[in-house]
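In our numbering, the protein residues as written are 28 to 529. Cβ atoms here follow ideal geometry from the backbone N, Cα and C, with glycine treated the same way. The model shown is predicted, which means the values in this text are computed figures rather than measured ones.
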Amino acid sequence: MTAVPDSLGLVGFDEVLERYDPAFGLEVHVELNTNTKMFCGCPATFGGEPNSQVCPTCLGLPGSMPVVNAKAVESAIRIGLALNGSIAEWCRFARKNYFYPDMPKNFQTSQYDEPIVYDGYLDVEVEGEIFRVDIERAHMEEDTGKTTHIGGATGRIHGADYSLVDYNRAGIPLIEIVTRPILGTGAKAPLVAKAYVAALREILLGLGVSDVRMDQGSMRCDVNLSLSPKGSGTLGTRTETKNVNSLRSVERAVRFEMSRHAGILDAGEAIFQETRHFHEDTGTTSAGRAKSDADDYRYFPEPDLVPVAPSREWVEELRASLPERTADKRARLQVEWGYSELEMRDVWAAGALSLIEATVAEGTSPQAARKWWMAELSRSANDRGVELAEVGVTPAQVAEVQKLVDGGSLTDKLARQVFEGLLAGEGTVAEIIDARGLAVVSDDGALGSAVDEAIAAQPAVAEKIRGGNQAAAGALIGAVMKATGGKADAKRVRELILEKLA
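Below, the structure is given as C-alpha coordinates:
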(Lines of atoms letter the chains of each structure in order from A; the text may use other names.)
(Lines give C-alpha, C1' and ligand atoms only; values in the text may rest on other atoms or scores of the structure.)
Protein backbone atom coordinates (compact mmCIF):
# COMPACT_ATOMS: atom_id res chain seq x y z
CA MET A 28 0.00 0.00 0.00
CA THR A 29 1.22 3.48 -0.86
CA ALA A 30 1.20 6.14 1.83
CA VAL A 31 -1.54 8.76 1.47
CA PRO A 32 -0.23 12.34 1.26
CA ASP A 33 -0.86 14.56 4.30
CA SER A 34 -2.18 17.28 2.00
CA LEU A 35 -5.71 15.81 2.00
CA GLY A 36 -6.56 18.20 4.83
CA LEU A 37 -7.62 18.07 8.46
CA VAL A 38 -11.11 17.68 9.85
CA GLY A 39 -12.27 19.80 12.80
CA PHE A 40 -12.18 17.92 16.10
CA ASP A 41 -15.93 18.16 16.77
CA GLU A 42 -16.65 17.03 13.24
CA VAL A 43 -14.38 13.99 13.69
CA LEU A 44 -16.46 12.89 16.67
CA GLU A 45 -19.69 13.14 14.70
CA ARG A 46 -18.59 10.37 12.30
CA TYR A 47 -15.83 8.39 13.99
CA ASP A 48 -14.90 6.63 17.23
CA PRO A 49 -11.26 6.99 18.29
CA ALA A 50 -9.21 4.12 19.68
CA PHE A 51 -5.70 4.60 20.97
CA GLY A 52 -2.96 2.74 22.75
CA LEU A 53 0.16 4.03 24.47
CA GLU A 54 3.62 2.53 24.71
CA VAL A 55 5.64 4.29 27.39
CA HIS A 56 9.39 3.72 27.55
CA VAL A 57 11.00 4.43 30.92
CA GLU A 58 14.74 4.56 31.53
CA LEU A 59 15.51 3.05 34.93
CA ASN A 60 17.88 4.86 37.28
CA THR A 61 20.18 1.92 37.93
CA ASN A 62 23.86 2.62 38.42
CA THR A 63 24.87 0.40 35.51
CA LYS A 64 23.46 -0.70 32.17
CA MET A 65 21.05 -3.58 31.60
CA PHE A 66 23.57 -6.23 30.57
CA CYS A 67 27.01 -4.85 31.46
CA GLY A 68 28.82 -2.79 34.09
CA CYS A 69 29.06 0.50 32.18
CA PRO A 70 27.72 3.59 33.99
CA ALA A 71 24.09 4.38 33.20
CA THR A 72 24.45 8.13 33.73
CA PHE A 73 23.20 10.97 31.54
CA GLY A 74 25.41 13.56 29.90
CA GLY A 75 28.83 11.91 29.56
CA GLU A 76 31.21 12.63 26.70
CA PRO A 77 30.07 10.73 23.58
CA ASN A 78 31.10 7.07 23.55
CA SER A 79 32.85 7.33 26.92
CA GLN A 80 30.52 4.89 28.73
CA VAL A 81 30.83 1.80 26.56
CA CYS A 82 32.39 -1.64 26.65
CA PRO A 83 32.56 -4.73 24.41
CA THR A 84 29.17 -5.94 25.65
CA CYS A 85 27.11 -2.80 24.97
CA LEU A 86 29.01 -2.29 21.71
CA GLY A 87 28.06 -5.81 20.62
CA LEU A 88 31.62 -6.93 19.98
CA PRO A 89 32.24 -10.63 19.24
CA GLY A 90 32.79 -12.83 22.28
CA SER A 91 31.20 -10.46 24.82
CA MET A 92 28.53 -11.97 27.07
CA PRO A 93 25.62 -10.17 28.76
CA VAL A 94 24.59 -10.48 32.42
CA VAL A 95 21.15 -9.30 33.61
CA ASN A 96 21.07 -6.31 35.98
CA ALA A 97 19.31 -7.57 39.12
CA LYS A 98 18.30 -4.07 40.21
CA ALA A 99 16.54 -3.55 36.88
CA VAL A 100 14.58 -6.76 37.41
CA GLU A 101 13.58 -5.57 40.88
CA SER A 102 12.45 -2.21 39.50
CA ALA A 103 10.41 -3.94 36.79
CA ILE A 104 8.62 -6.05 39.38
CA ARG A 105 7.87 -3.04 41.58
CA ILE A 106 6.48 -1.16 38.58
CA GLY A 107 4.29 -4.13 37.68
CA LEU A 108 2.92 -4.42 41.19
CA ALA A 109 2.19 -0.69 41.37
CA LEU A 110 0.23 -1.03 38.11
CA ASN A 111 -1.90 -3.84 39.53
CA GLY A 112 -0.17 -6.32 37.24
CA SER A 113 0.67 -10.01 37.53
CA ILE A 114 4.33 -10.97 37.83
CA ALA A 115 5.51 -13.84 35.67
CA GLU A 116 6.87 -16.85 37.52
CA TRP A 117 9.19 -17.46 34.57
CA CYS A 118 10.10 -15.23 31.66
CA ARG A 119 12.96 -14.78 29.26
CA PHE A 120 14.59 -12.33 26.93
CA ALA A 121 14.41 -12.36 23.14
CA ARG A 122 16.34 -10.84 20.27
CA LYS A 123 14.42 -8.24 18.32
CA ASN A 124 16.21 -7.96 14.99
CA TYR A 125 16.43 -4.71 13.08
CA PHE A 126 19.18 -2.70 11.52
CA TYR A 127 19.80 0.88 12.66
CA PRO A 128 23.18 2.60 13.06
CA ASP A 129 22.39 3.29 16.73
CA MET A 130 21.83 -0.43 17.41
CA PRO A 131 25.39 -1.79 17.69
CA LYS A 132 24.40 -5.49 17.77
CA ASN A 133 21.85 -5.20 14.94
CA PHE A 134 19.33 -6.56 17.43
CA GLN A 135 17.78 -5.30 20.63
CA THR A 136 17.65 -7.55 23.68
CA SER A 137 14.01 -7.27 24.73
CA GLN A 138 11.08 -9.46 25.75
CA TYR A 139 8.43 -10.58 23.30
CA ASP A 140 5.67 -13.00 24.29
CA GLU A 141 7.02 -13.69 27.78
CA PRO A 142 7.10 -10.32 29.60
CA ILE A 143 7.86 -10.00 33.28
CA VAL A 144 4.57 -8.10 33.91
CA TYR A 145 1.17 -8.71 32.36
CA ASP A 146 -2.54 -7.92 32.88
CA GLY A 147 -2.34 -4.68 34.83
CA TYR A 148 -4.49 -1.56 34.88
CA LEU A 149 -4.47 2.07 35.93
CA ASP A 150 -7.51 4.21 36.69
CA VAL A 151 -7.27 7.85 35.63
CA GLU A 152 -9.62 10.73 36.28
CA VAL A 153 -10.55 13.29 33.62
CA GLU A 154 -13.01 16.06 34.46
CA GLY A 155 -14.54 14.02 37.27
CA GLU A 156 -14.92 10.83 35.20
CA ILE A 157 -12.87 7.68 35.87
CA PHE A 158 -11.39 5.78 32.93
CA ARG A 159 -9.73 2.39 33.38
CA VAL A 160 -6.68 1.88 31.18
CA ASP A 161 -5.87 -1.81 30.80
CA ILE A 162 -2.18 -2.60 30.61
CA GLU A 163 -1.29 -5.56 28.44
CA ARG A 164 2.31 -5.93 29.59
CA ALA A 165 5.44 -4.26 30.89
CA HIS A 166 8.65 -5.76 29.61
CA MET A 167 12.36 -5.26 30.13
CA GLU A 168 14.71 -4.25 27.34
CA GLU A 169 17.75 -2.12 26.56
CA ASP A 170 17.83 1.34 25.06
CA THR A 171 19.51 2.17 21.77
CA GLY A 172 22.31 4.63 21.12
CA LYS A 173 21.63 8.17 19.95
CA THR A 174 22.13 9.40 16.40
CA THR A 175 22.65 13.10 15.70
CA HIS A 176 22.16 14.26 12.12
CA ILE A 177 24.36 17.19 11.14
CA GLY A 178 23.28 19.66 8.48
CA GLY A 179 19.91 20.05 6.83
CA ALA A 180 16.92 21.98 8.10
CA THR A 181 15.00 19.38 10.11
CA GLY A 182 17.57 17.63 12.28
CA ARG A 183 16.54 14.33 10.67
CA ILE A 184 18.53 12.07 8.39
CA HIS A 185 16.84 13.35 5.24
CA GLY A 186 18.88 16.27 3.99
CA ALA A 187 21.66 15.84 6.56
CA ASP A 188 25.31 16.08 5.51
CA TYR A 189 26.41 13.32 7.88
CA SER A 190 25.42 11.61 11.15
CA LEU A 191 27.18 11.01 14.45
CA VAL A 192 26.41 8.08 16.75
CA ASP A 193 26.81 8.10 20.54
CA TYR A 194 26.55 4.65 22.14
CA ASN A 195 26.54 5.86 25.76
CA ARG A 196 22.78 5.27 25.87
CA ALA A 197 23.01 1.83 24.24
CA GLY A 198 22.21 -0.76 26.89
CA ILE A 199 20.52 1.57 29.40
CA PRO A 200 17.79 -0.44 31.19
CA LEU A 201 14.30 0.27 29.88
CA ILE A 202 10.82 -0.77 30.89
CA GLU A 203 8.24 -0.52 28.15
CA ILE A 204 4.66 -0.31 29.44
CA VAL A 205 2.09 -1.19 26.79
CA THR A 206 -1.65 -0.58 27.11
CA ARG A 207 -4.42 -2.47 25.42
CA PRO A 208 -6.57 -0.44 23.00
CA ILE A 209 -8.32 2.31 24.93
CA LEU A 210 -11.91 2.61 23.73
CA GLY A 211 -15.00 4.63 24.59
CA THR A 212 -13.28 7.89 25.49
CA GLY A 213 -14.84 9.93 22.68
CA ALA A 214 -14.09 13.65 22.91
CA LYS A 215 -11.93 13.05 25.98
CA ALA A 216 -9.47 10.78 24.14
CA PRO A 217 -6.64 13.38 24.06
CA LEU A 218 -7.19 14.24 27.74
CA VAL A 219 -7.31 10.59 28.82
CA ALA A 220 -4.04 9.92 27.01
CA LYS A 221 -2.39 12.85 28.76
CA ALA A 222 -3.88 11.92 32.14
CA TYR A 223 -2.65 8.32 31.85
CA VAL A 224 0.93 9.34 31.14
CA ALA A 225 0.77 11.92 33.96
CA ALA A 226 -0.55 9.34 36.42
CA LEU A 227 2.09 6.85 35.31
CA ARG A 228 4.80 9.43 35.82
CA GLU A 229 3.59 10.16 39.36
CA ILE A 230 3.67 6.44 40.19
CA LEU A 231 7.18 5.99 38.80
CA LEU A 232 8.41 9.04 40.72
CA GLY A 233 6.90 7.63 43.91
CA LEU A 234 8.61 4.29 43.32
CA GLY A 235 11.95 6.03 42.83
CA VAL A 236 12.83 3.86 39.82
CA SER A 237 13.37 6.70 37.32
CA ASP A 238 13.65 10.46 37.18
CA VAL A 239 11.03 10.33 34.34
CA ARG A 240 12.46 13.46 32.73
CA MET A 241 10.53 13.57 29.49
CA ASP A 242 12.62 16.53 28.32
CA GLN A 243 15.78 14.41 28.62
CA GLY A 244 14.25 11.28 27.09
CA SER A 245 14.15 9.15 30.23
CA MET A 246 10.40 8.81 29.67
CA ARG A 247 9.06 8.68 26.12
CA CYS A 248 5.65 7.84 24.74
CA ASP A 249 4.60 6.24 21.45
CA VAL A 250 0.99 7.10 20.57
CA ASN A 251 -0.95 4.56 18.52
CA LEU A 252 -4.25 5.81 17.12
CA SER A 253 -7.00 4.67 14.78
CA LEU A 254 -10.51 5.75 13.84
CA SER A 255 -13.49 3.57 12.99
CA PRO A 256 -16.99 4.49 11.73
CA LYS A 257 -19.09 5.68 14.65
CA GLY A 258 -20.85 2.79 16.38
CA SER A 259 -19.19 0.10 14.24
CA GLY A 260 -17.40 -1.54 17.16
CA THR A 261 -14.37 -2.27 14.97
CA LEU A 262 -10.77 -1.09 15.08
CA GLY A 263 -9.32 0.88 12.19
CA THR A 264 -5.79 0.86 10.82
CA ARG A 265 -3.45 2.52 13.27
CA THR A 266 -0.48 4.82 13.02
CA GLU A 267 2.21 5.15 15.67
CA THR A 268 3.57 8.58 16.58
CA LYS A 269 7.02 7.92 18.03
CA ASN A 270 8.94 9.39 20.95
CA VAL A 271 6.49 12.05 22.12
CA ASN A 272 8.31 13.77 24.95
CA SER A 273 5.87 15.83 27.01
CA LEU A 274 2.39 15.47 28.50
CA ARG A 275 1.14 18.38 26.45
CA SER A 276 2.48 16.79 23.29
CA VAL A 277 0.77 13.46 24.03
CA GLU A 278 -2.56 15.30 24.06
CA ARG A 279 -1.71 17.24 20.92
CA ALA A 280 -0.52 14.13 19.05
CA VAL A 281 -3.81 12.32 19.71
CA ARG A 282 -5.85 15.35 18.70
CA PHE A 283 -3.88 15.96 15.49
CA GLU A 284 -3.89 12.33 14.36
CA MET A 285 -7.64 12.11 14.90
CA SER A 286 -8.12 15.09 12.59
CA ARG A 287 -5.62 13.78 10.04
CA HIS A 288 -7.09 10.26 9.94
CA ALA A 289 -10.58 11.68 9.46
CA GLY A 290 -9.40 13.77 6.51
CA ILE A 291 -7.97 10.68 4.80
CA LEU A 292 -11.02 8.52 5.49
CA ASP A 293 -13.42 11.25 4.37
CA ALA A 294 -11.55 11.37 1.06
CA GLY A 295 -12.24 7.67 0.55
CA GLU A 296 -8.59 6.72 1.08
CA ALA A 297 -7.14 4.09 3.41
CA ILE A 298 -4.88 4.77 6.38
CA PHE A 299 -1.30 3.65 5.79
CA GLN A 300 0.12 1.74 8.76
CA GLU A 301 3.28 3.67 9.56
CA THR A 302 5.28 5.44 12.21
CA ARG A 303 4.98 9.22 12.47
CA HIS A 304 7.26 11.97 13.76
CA PHE A 305 5.75 14.57 16.12
CA HIS A 306 6.79 18.20 15.65
CA GLU A 307 6.77 20.17 18.89
CA ASP A 308 6.78 23.56 17.18
CA THR A 309 3.65 22.98 15.10
CA GLY A 310 1.84 20.19 16.98
CA THR A 311 1.69 18.18 13.76
CA THR A 312 3.07 14.82 12.62
CA SER A 313 4.87 13.71 9.48
CA ALA A 314 5.45 10.31 7.92
CA GLY A 315 8.26 8.10 9.19
CA ARG A 316 8.47 4.53 7.91
CA ALA A 317 6.15 1.62 7.25
CA LYS A 318 5.20 0.09 10.59
CA SER A 319 6.63 -3.36 11.15
CA ASP A 320 4.65 -6.22 12.60
CA ALA A 321 6.14 -8.58 15.17
CA ASP A 322 7.00 -11.14 12.48
CA ASP A 323 9.22 -8.62 10.73
CA TYR A 324 11.49 -8.45 13.77
CA ARG A 325 12.20 -12.21 13.68
CA TYR A 326 12.04 -12.57 17.45
CA PHE A 327 13.75 -15.59 18.94
CA PRO A 328 14.86 -16.43 22.50
CA GLU A 329 18.13 -14.85 23.60
CA PRO A 330 20.58 -17.78 23.82
CA ASP A 331 23.13 -15.95 25.99
CA LEU A 332 20.80 -15.21 28.92
CA VAL A 333 19.12 -17.57 31.35
CA PRO A 334 15.38 -17.12 32.06
CA VAL A 335 14.28 -14.81 34.87
CA ALA A 336 12.23 -16.63 37.53
CA PRO A 337 11.45 -14.35 40.50
CA SER A 338 10.41 -16.31 43.55
CA ARG A 339 6.95 -15.66 45.01
CA GLU A 340 8.56 -14.80 48.34
CA TRP A 341 10.65 -12.06 46.71
CA VAL A 342 7.65 -10.69 44.84
CA GLU A 343 5.64 -10.47 48.06
CA GLU A 344 8.53 -8.76 49.83
CA LEU A 345 8.60 -6.16 47.08
CA ARG A 346 4.82 -5.77 47.24
CA ALA A 347 5.05 -5.05 50.96
CA SER A 348 7.67 -2.37 50.34
CA LEU A 349 5.62 -0.39 47.82
CA PRO A 350 4.89 3.23 48.71
CA GLU A 351 1.39 4.55 49.29
CA ARG A 352 -0.82 4.22 46.22
CA THR A 353 -1.24 7.45 44.31
CA ALA A 354 -5.01 7.58 44.71
CA ASP A 355 -4.71 7.07 48.47
CA LYS A 356 -1.96 9.67 48.68
CA ARG A 357 -4.02 12.18 46.76
CA ALA A 358 -7.00 11.69 49.08
CA ARG A 359 -4.82 11.96 52.18
CA LEU A 360 -3.06 15.12 51.03
CA GLN A 361 -6.35 16.75 50.09
CA VAL A 362 -7.49 16.38 53.70
CA GLU A 363 -4.13 17.38 55.19
CA TRP A 364 -3.80 20.44 52.98
CA GLY A 365 -7.42 21.53 53.28
CA TYR A 366 -7.97 21.66 49.51
CA SER A 367 -11.39 21.40 47.99
CA GLU A 368 -12.14 18.58 45.54
CA LEU A 369 -11.92 21.04 42.66
CA GLU A 370 -8.62 22.49 43.88
CA MET A 371 -7.06 19.02 44.20
CA ARG A 372 -8.40 17.99 40.79
CA ASP A 373 -6.78 21.07 39.24
CA VAL A 374 -3.50 20.37 41.04
CA TRP A 375 -3.51 16.79 39.77
CA ALA A 376 -4.37 17.78 36.21
CA ALA A 377 -1.53 20.30 36.18
CA GLY A 378 1.02 17.72 37.32
CA ALA A 379 1.70 19.82 40.41
CA LEU A 380 1.05 17.31 43.21
CA SER A 381 4.67 16.24 43.73
CA LEU A 382 5.92 19.80 43.31
CA ILE A 383 3.53 21.15 45.94
CA GLU A 384 4.32 18.25 48.25
CA ALA A 385 8.06 19.00 48.00
CA THR A 386 7.42 22.72 48.58
CA VAL A 387 5.33 22.00 51.68
CA ALA A 388 8.10 19.72 52.94
CA GLU A 389 10.41 22.77 52.76
CA GLY A 390 8.15 24.60 55.23
CA THR A 391 5.68 26.44 52.99
CA SER A 392 1.96 26.36 53.75
CA PRO A 393 -0.13 24.24 51.33
CA GLN A 394 -2.15 27.27 50.26
CA ALA A 395 0.93 29.37 49.49
CA ALA A 396 2.56 26.51 47.61
CA ARG A 397 -0.58 26.01 45.50
CA LYS A 398 -0.81 29.74 44.83
CA TRP A 399 2.63 29.93 43.23
CA TRP A 400 2.62 26.63 41.35
CA MET A 401 -0.93 26.94 40.02
CA ALA A 402 -0.76 30.64 39.12
CA GLU A 403 2.57 32.24 38.27
CA LEU A 404 4.51 29.11 37.40
CA SER A 405 1.69 27.28 35.59
CA ARG A 406 1.11 30.37 33.46
CA SER A 407 4.78 30.49 32.55
CA ALA A 408 4.83 26.75 31.73
CA ASN A 409 1.82 27.17 29.45
CA ASP A 410 3.37 30.17 27.71
CA ARG A 411 6.56 28.22 27.08
CA GLY A 412 4.80 25.02 26.07
CA VAL A 413 6.62 22.93 28.71
CA GLU A 414 5.54 20.80 31.64
CA LEU A 415 5.31 22.43 35.06
CA ALA A 416 8.14 20.28 36.42
CA GLU A 417 10.39 21.54 33.62
CA VAL A 418 9.62 25.25 33.99
CA GLY A 419 12.99 26.00 35.62
CA VAL A 420 11.99 26.72 39.24
CA THR A 421 12.45 24.22 42.06
CA PRO A 422 10.27 23.58 45.13
CA ALA A 423 13.16 24.77 47.31
CA GLN A 424 13.21 28.11 45.48
CA VAL A 425 9.45 28.54 45.84
CA ALA A 426 9.77 27.83 49.56
CA GLU A 427 12.65 30.32 49.86
CA VAL A 428 10.61 33.08 48.20
CA GLN A 429 7.55 32.38 50.34
CA LYS A 430 9.65 32.43 53.50
CA LEU A 431 10.74 35.96 52.60
CA VAL A 432 7.10 36.92 52.01
CA ASP A 433 6.09 35.45 55.38
CA GLY A 434 8.91 37.33 57.07
CA GLY A 435 7.92 40.64 55.53
CA SER A 436 11.05 40.99 53.36
CA LEU A 437 8.99 40.63 50.16
CA THR A 438 5.44 41.42 49.14
CA ASP A 439 3.51 39.16 46.77
CA LYS A 440 4.10 41.72 44.03
CA LEU A 441 7.86 41.69 44.62
CA ALA A 442 7.84 37.90 44.88
CA ARG A 443 6.38 37.73 41.37
CA GLN A 444 9.34 39.73 40.13
CA VAL A 445 11.68 37.28 41.85
CA PHE A 446 10.01 34.42 39.99
CA GLU A 447 10.40 36.37 36.75
CA GLY A 448 14.11 36.51 37.46
CA LEU A 449 14.30 32.81 38.30
CA LEU A 450 12.49 31.91 35.09
CA ALA A 451 14.87 34.13 33.13
CA GLY A 452 17.91 32.46 34.71
CA GLU A 453 19.15 35.61 36.43
CA GLY A 454 20.66 33.76 39.41
CA THR A 455 19.66 32.73 42.90
CA VAL A 456 16.79 34.25 44.86
CA ALA A 457 19.17 36.44 46.84
CA GLU A 458 21.07 37.55 43.71
CA ILE A 459 17.84 38.52 41.94
CA ILE A 460 16.55 40.50 44.91
CA ASP A 461 19.86 42.36 45.14
CA ALA A 462 20.21 42.98 41.38
CA ARG A 463 16.63 44.16 40.95
CA GLY A 464 16.47 46.06 44.23
CA LEU A 465 13.38 44.19 45.38
CA ALA A 466 13.73 44.29 49.17
CA VAL A 467 10.74 45.66 51.07
CA VAL A 468 11.15 49.19 52.46
CA SER A 469 10.49 49.01 56.19
CA ASP A 470 12.58 51.95 57.42
CA ASP A 471 10.29 54.33 59.32
CA GLY A 472 12.11 57.38 58.00
CA ALA A 473 11.54 56.54 54.35
CA LEU A 474 8.04 55.24 54.96
CA GLY A 475 7.11 58.24 57.09
CA SER A 476 7.95 60.65 54.29
CA ALA A 477 5.87 58.65 51.82
CA VAL A 478 2.96 58.52 54.27
CA ASP A 479 3.11 62.31 54.85
CA GLU A 480 2.99 62.90 51.09
CA ALA A 481 -0.01 60.58 50.70
CA ILE A 482 -1.90 62.31 53.54
CA ALA A 483 -1.17 65.75 52.09
CA ALA A 484 -2.35 64.63 48.65
CA GLN A 485 -5.67 63.22 49.91
CA PRO A 486 -6.95 65.43 52.76
CA ALA A 487 -10.53 64.21 52.44
CA VAL A 488 -9.46 60.63 53.01
CA ALA A 489 -7.33 61.73 55.97
CA GLU A 490 -10.37 63.40 57.56
CA LYS A 491 -12.39 60.17 57.25
CA ILE A 492 -9.66 58.28 59.08
CA ARG A 493 -9.50 60.97 61.80
CA GLY A 494 -13.25 60.54 62.15
CA GLY A 495 -12.83 56.83 62.95
CA ASN A 496 -13.21 55.27 59.50
CA GLN A 497 -10.06 53.13 59.53
CA ALA A 498 -11.12 51.26 56.39
CA ALA A 499 -10.40 54.45 54.43
CA ALA A 500 -6.69 53.90 55.18
CA GLY A 501 -6.62 51.52 52.21
CA ALA A 502 -6.55 54.44 49.77
CA LEU A 503 -3.51 55.97 51.47
CA ILE A 504 -1.75 52.61 51.72
CA GLY A 505 -2.27 52.16 47.98
CA ALA A 506 -0.77 55.59 47.31
CA VAL A 507 2.31 54.77 49.41
CA MET A 508 2.73 51.40 47.66
CA LYS A 509 2.54 53.13 44.28
CA ALA A 510 5.08 55.74 45.32
CA THR A 511 7.54 53.08 46.52
CA GLY A 512 7.09 50.79 43.51
CA GLY A 513 5.30 48.20 45.62
CA LYS A 514 8.26 47.86 47.97
CA ALA A 515 6.74 49.33 51.13
CA ASP A 516 5.87 47.14 54.10
CA ALA A 517 2.09 47.50 53.89
CA LYS A 518 1.52 46.49 57.50
CA ARG A 519 3.94 49.12 58.81
CA VAL A 520 2.50 51.74 56.42
CA ARG A 521 -0.97 51.17 57.89
CA GLU A 522 0.39 51.51 61.43
CA LEU A 523 2.10 54.80 60.56
CA ILE A 524 -1.02 56.21 58.89
CA LEU A 525 -3.18 55.43 61.92
CA GLU A 526 -0.55 56.84 64.29
CA LYS A 527 -0.30 60.11 62.35
CA LEU A 528 -4.08 60.55 62.06
CA ALA A 529 -5.03 59.42 65.55
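Residue burial is scored here from C-beta neighbours: Tyr47 has at least 16 other C-beta atoms within 10 angstroms and is therefore classed as buried.
For Lys132, there is no enclosing alpha helix (DSSP H), as DSSP marks it with neither H nor E.
Across the set Ile383, Asp410 and Gly513, the C-alpha of Gly513 shows the shortest separation from the C-alpha of Ser436.
DSSP, read as helix, strand or coil, puts Phe73 in coil. Beta-bridge annotation (DSSP): Pro328 is paired with Ala121.
Between the segment 116-125 and the segment 323-340, the count of Cβ pairs shorter than 8 Å is three or higher; the stretches touch. Assignment of Pro49 by DSSP, reduced to helix, strand and coil, places it in the strand class.
Annotation note: the segment 77-122 contains the following uninterrupted alpha helix (DSSP H) runs of length 4 or greater, listed N- to C-terminal: 97-109.
Selection Leu210, Ser313 and Gly198 evaluated against Thr261 yields Leu210 as nearest (Cα-Cα). For Ala165, the uninterrupted beta strand (DSSP E) run begins and ends at Glu156 to Glu169, by DSSP. A distance below 6 Å between beta-carbons, with the five flanking residues on each side excluded, links Gly147 to the following residues of its chain, in chain order: Leu110, Asn111, Gly112 and Ile162.
For Asn78, same chain residues with a beta-carbon under 7 Å away, outside a window of 5 residues either side, are Asp193, Tyr194 and Asn195 in chain order.
Per DSSP, reduced to three states, the secondary structure at Pro200 is strand. In the structure shown, the three-state DSSP call for Ile184 is coil.
Put simply, the backbone Cα of Phe51 is about 43 Å away from that of Glu453. When DSSP states are grouped into helix, strand and coil, Asn270 belongs to the strand group. Arg240 places its beta carbon 8 Å or farther from that of Ser253. With a threshold of 16 other beta carbon atoms within 10 Å, Ile114 meets it and is buried. Rounded to the nearest whole angstrom, the C-alpha separation of His56 and Met246 is 6 Å. In the DSSP annotation of this structure, the continuous segment of the beta strand (DSSP E) that includes Thr175 starts and ends at Lys173 to Ile177.
In the displayed model, Glu453 falls within coil according to three-state DSSP, outside both helix and strand.
Beta-bridge analysis with DSSP links Leu252 to Phe51 and Thr266. For Arg164 against Val205, the beta-carbon gap comes to about 5 Å, under 8 Å, which counts as contact. The beta-carbon distance between Asp373 and Met401, rounded to whole angstroms, is 7 Å. This is short enough to meet the 8 Å contact definition. Contact check for Thr136 against Ala99 fails: the beta carbons are separated by 8 Å or more.
For the pair Leu523 and Val478, the CB atoms are nearer than the 8 Å cut-off.
For secondary structure counted as the alpha helix (DSSP H) over 4 or more consecutive residues, the segment 460-503 holds these complete runs in sequence order: 471-484 and 486-493. Per DSSP, reduced to three states, the secondary structure at Ala297 is coil, with no helix or strand assignment. Inter-residue distance for Gly295 and Arg287 is about 13 Å (C-alpha atoms, whole angstroms). In the three-state scheme derived from DSSP, where H, G and I count as helix and E and B as strand, Phe66 is classed as coil. Sequence-distant partners of Glu45 (beyond 5 residues in either direction) whose C-beta falls short of 6 Å from its own C-beta are missing from its chain. Excluding residues up to 5 positions away in sequence, Ala109 lie with their Cβ nearer than 8 Å to the Cβ of Arg352 in the same chain.
When secondary structure is reduced to three states using DSSP, Val418 falls in the coil class, being assigned neither helix nor strand. In the three-state scheme derived from DSSP, where H, G and I count as helix and E and B as strand, Leu210 is classed as coil. Non-local C-beta neighbours of Glu414 in its own chain, meaning closer than 8 Å and more than five positions away in sequence, comprise Met241, Asp242, Ser273, Leu274, Arg275, Gly378 and Ala408, ordered along the chain.
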